[in-house]
Amino acid sequence: MTQTDTRSQAPETGRRLNTAKAMVEAIAQEMERDPAVIYLGEDVGPYGGIFSSTTGLQERFGKDRVIDTPISETAFIGMAVGAATEGMRPIAELMFADFMGVCLDQIYNHMAKIHYFSGGNVTVPMVLTTAVGGGYSDGGQHSQTLWGTFAHLPGMKVVVPATPADAKGLMTAAVRDDSPVVYMFHKGVMGLPWMAKNPRSVDVVPEGEYVVPIGKARTARAGTDVSVVTLSLSVHHALDVADKLAGEGIDAEVLDLRSLVPLDRTAILESVGKTGRLVVVDEDYHSFGLSGEVTATVADEDPTLLHAPVQRVTMPDIPIPYAHGLEYAVLPRHERIEAAIRKVLA
Amino acid sequence: MSTSLSQPAPVPEPTEAQAPGLHLDDDVRRDLFATMVLSRTFEEAILREYHADKGPGFDIGKGLIPGEMHLSAGQEPVAAGVCAHLTADDAVTATHRPHHFAVAHGVDLRTMTAEIFGRATGLGRGRGGHMHLFDPAVHFSCSGIIAEGYPPALGAALAFTRAGTDAVAVAVTGEGAANQGAFHESLNLAALWKLPVVFVVEDNEWGISVPRSASTAVTSNAARAAGYGMPGERVEDNDVEAVYAAAERAVRRARAGEGPSLIEVRTLRMWGHFEGDAQGYRPELATVATLDPLPRYEARLREAGVVDDDAGARIRGEAAERVGDAIRFAKDSPLPDPADVLSYVFAEEAGR
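Next up, the structure:
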């Protein structure tokens, strides 16, 4: 029986997995269920994915379904596009979102546009998985999130799980979706043993088939004083800050967007309508991106909902620096989130 | 047959296509000619309609057929010779200059024409245009981005092998695309996995205004094919029967699960890169019309007694009738409703 998440919170009791294992579990269940599902990418076979996105899958499903590709993103992502138009349900992994530059044409000009160009006569049911995010000094070509760039280009859904349960439920939904879905997993939420991690990267994950509908935000913490609208790893940071401020009587609501496309504008407006104050936390670049879009959503609908100017906690418009102290000066982490909340409440 | 991920085949020597054996049946030869005539008739009609209302002067965005228009006149031998070996179960991924391959592969003329006219009855309901034609009934697609039609052909080929069929994918580019990354990545991967792909390179000498000699030091892409471990042939004289023979070998090899091949054809872009291109960069312009492959092939067939006046008239008459019907269908079709412009971005919005 398929469980569909209709709750705002993940279940509180049951089996606990890290995010990577939850993601792999969903892929395995979908591969079991549908022989048209295959997984293609670099180092997804015996290595199991550089960030453990495919651990054990090749051993279980064989080399013909979990396929190590050459370092040739244009060829194998384009191959996934063509296979999807011919009835398969490929999952193609772009190892780092930062590598989009070598293969973007297949993503935004082909994967995302064929359905529209064909007037709905051709579908492209594929998933593009990709690792995003910084925080471990990997430098400016291996630390970007770039979800705003993908979301800006029409024709692909963009999902960004923050929790183990969502990693599973959104993956199931993505594989079953008849539209192309970009599934962006933050390295910092995977629960990898070789990287600093938030305790929330291990949590309860429903067993069996589990679907989280794409396009519904999740209230990660209900509150009345301020809406912290965020996604991915920043959800964990925001919850940490909210827990701390609760001790001072500040009751912050944390809204996990879960997806950029579709963007759950209703949830944003409902939350801001309740609190009257908005902080957007987005690890992507500051300008022309998600934080502006969330802010514009409120301004377009009803700017009088806001009792104070919006605070945006984002990556400044600079290449992400290498040195730990420099990188942490620009990542949207606890101190900056806390300062923004205090400012919007001042 | 499942896709093999084993070692690629031994590297074959690049070859120049053999002079045609000329053992083709008369029916095959007439069909090749008829396909070329249909394609040319179609493009002459598009040319006429395209320019009918671009004035005063030439406004590219104006008229019943607005936008860029890349016509393939002169390149018909490539499409006719290759597609003669295909069925509706085989895939073709074509280029920004797609009409000859669409016609030769049996894309529905009416709905293709309606798409070019931007009508609601078009292949893409007016959302694609002439560079973005998708006909799933015959697995046809094209792309306006140079070389980027190659990777999806690999995916079609993969899907065909996984479905247990012997269908093949034909991937078409021009010679200019052979200097793009997607071309090289695709050849490498298709050879590595022995995918049933036939790579076709239409060498019409010109990448818009830049000649091949200014784009690459490689004189034959058959050599590049060899570099990736697949057979490559180059057909030098835009001869439909030589293309037919080369394609027969390549398609047979692909269907047998032996992997991809590449065929490069020295062909001829008779008209501009796009309509409105005055081609001042082209020194041989005055002689282009004398190289038209259609009268050359017709003369050869007449000399061989394969086509006479009656057959010629019948072939032209049938082509004119089909094209006329398609143009009428397009012009009589409704324009798409702008109120519906947001539909078909995502699959659940599809109306059927």
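Same order as they appear, the protein sequences are chains U and A.
So the number in the numbering used here is just where the residue sits in the first sequence, counting from 1, plus 7.
So the number in the numbering used here is just where the residue sits in the second sequence, counting from 1, plus 367.
All C-beta atoms in this analysis are idealised placements derived from N, C-alpha and C, irrespective of residue type, glycine included.
Note that the structure is predicted; figures quoted are calculated from it, not measured.
beta-carbon residue i near the ligand ZN non-hydrogen atom, thresh 6 Å
i, result
"D71(U)", "Absence of the ligand ZN is noted for the structure shown, with no ligands found whatsoever."
Buried/exposed call for residue i, threshold 16 Cβ in 10 Å
i, result
"G496(A)", "buried"
"I3(U)", "An answer regarding residue 3(U) cannot be provided, because it is not within the stretch 8 to 353 covered by chain U."
"P423(A)", "exposed"
"L562(A)", "buried"
"R601(A)", "buried"
"Q36(U)", "buried"
"Q148(U)", "exposed"
"E665(A)", "buried"
"D210(U)", "buried"
"G543(A)", "buried"
"Y329(U)", "exposed"
For residue i, the three-state DSSP class (helix, strand or coil)
i, result
"T370(A)", "Interpretation of T370(A) is limited by its pLDDT of 42, a score under 50 that renders its predicted location unreliable; no figure is taken from the coordinates."
"W638(A)", "coil"
"H497(A)", "coil"
"S79(U)", "coil"
"K251(U)", "helix"
"M133(U)", "coil"
"E49(U)", "coil"
"G299(U)", "helix"
"M5(U)", "Past the boundaries of the shown model lies residue 5(U); chain U is included only from 8 to 353, so the question cannot be answered."
"N571(A)", "coil"
"M38(U)", "helix"
"P206(U)", "helix"
"R579(A)", "helix"
"Q113(U)", "helix"
"T586(A)", "coil"
"L405(A)", "helix"
"F58(U)", "coil"
"F7(U)", "Residue 7(U) cannot be examined here, being either before or after the span of chain U that is shown, 8 to 353."
"Y143(U)", "coil"
"G718(A)", "Note on G718(A): pLDDT 41, under 50, position unreliable in the model; no value is reported."
First and last residue of the uninterrupted beta strand (DSSP E) at residue i
i, result
"E277(U)", "First-last for E277(U): R272 to T282, but that is the alpha helix (DSSP H), not the beta strand (DSSP E)."
"S508(A)", "F507 to C509"
"K175(U)", "Element bounds for K175(U): not the beta strand (DSSP E) but the alpha helix (DSSP H), P171 to R183."
"F192(U)", "V188 to H193"
"D604(A)", "Taken as a continuous stretch (DSSP letters only), D604(A) belongs to no beta strand (DSSP E), as it is neither H nor E."
"V211(U)", "V209 to V211"
"K164(U)", "K164 to V166"
"D686(A)", "Strictly speaking, residue 686(A) in this sequence is Ala, with Asp absent from that position. Per DSSP, A686(A) belongs to no beta strand (DSSP E); it is in the alpha helix (DSSP H), D676 to D699."
"E334(U)", "Taken as a continuous stretch (DSSP letters only), E334(U) belongs to no beta strand (DSSP E), being part of the alpha helix (DSSP H) at H331 to V337."
"D291(U)", "L285 to Y292"
"S628(A)", "S628 to R633"
"V235(U)", "V233 to T237"
"N25(U)", "R23 to N25"
Alpha-carbon to alpha-carbon, residue j and residue i
i, j, result
"P339(U)", "F713(A)", "32 Å"
"T290(U)", "P518(A)", "The sequence given here has Glu at residue 290(U), not Thr. About 32 Å."
"L372(A)", "I483(A)", "Confidence at L372(A) is low in this model, with a pLDDT of 48, below 50, so the placement of that residue is unreliable and no value is reported for it."
"Y143(U)", "E572(A)", "50 Å"
"V404(A)", "I682(A)", "7 Å"
"L709(A)", "G430(A)", "24 Å"
"A523(A)", "E642(A)", "32 Å"
"M597(A)", "A557(A)", "9 Å"
"G55(U)", "P703(A)", "48 Å"
"S580(A)", "K120(U)", "34 Å"
"D502(A)", "T62(U)", "39 Å"
"M178(U)", "G198(U)", "17 Å"
"I84(U)", "S553(A)", "11 Å"
"A584(A)", "A545(A)", "12 Å"
"R284(U)", "I327(U)", "29 Å"
"G599(A)", "L267(U)", "46 Å"
"R183(U)", "H117(U)", "20 Å"
"E651(A)", "D606(A)", "20 Å"
Chain-ordered neighbours of residue i on chain C, where CB pairs are closer than 9 Å
i, result
"E715(A)", "The chain inventory of the structure shown lacks chain C, comprising the protein chains U and A."
Whole-angstrom C-beta distance between residue j and residue i, which should lie under 8 Å
i, j, result
"V196(U)", "A158(U)", "V196(U) to A158(U), Cβ: 19 Å. No contact."
"D494(A)", "F124(U)", "Correcting the residue identity first, residue 494(A) is Arg in this sequence and not Asp. With a Cβ gap of about 6 Å, R494(A) and F124(U) count as contacting."
"V449(A)", "V535(A)", "Actually they do not touch by this definition, with Cβ atoms about 11 Å apart."
"T540(A)", "A504(A)", "The pair is not a contact, with the Cβ atoms about 24 Å apart (cut-off 8 Å)."
Opening and closing residue of the alpha helix (DSSP H) in which residue i lies
i, result
"A440(A)", "It is not in any alpha helix (DSSP H) - A440(A) carries neither H nor E in the DSSP assignment."
"R486(A)", "It is not in any alpha helix (DSSP H) - R486(A) carries neither H nor E in the DSSP assignment."
"Y123(U)", "I121 to F124"
"R67(U)", "L64 to F68"
"L453(A)", "Unbroken run through L453(A): none, as it is neither H nor E."
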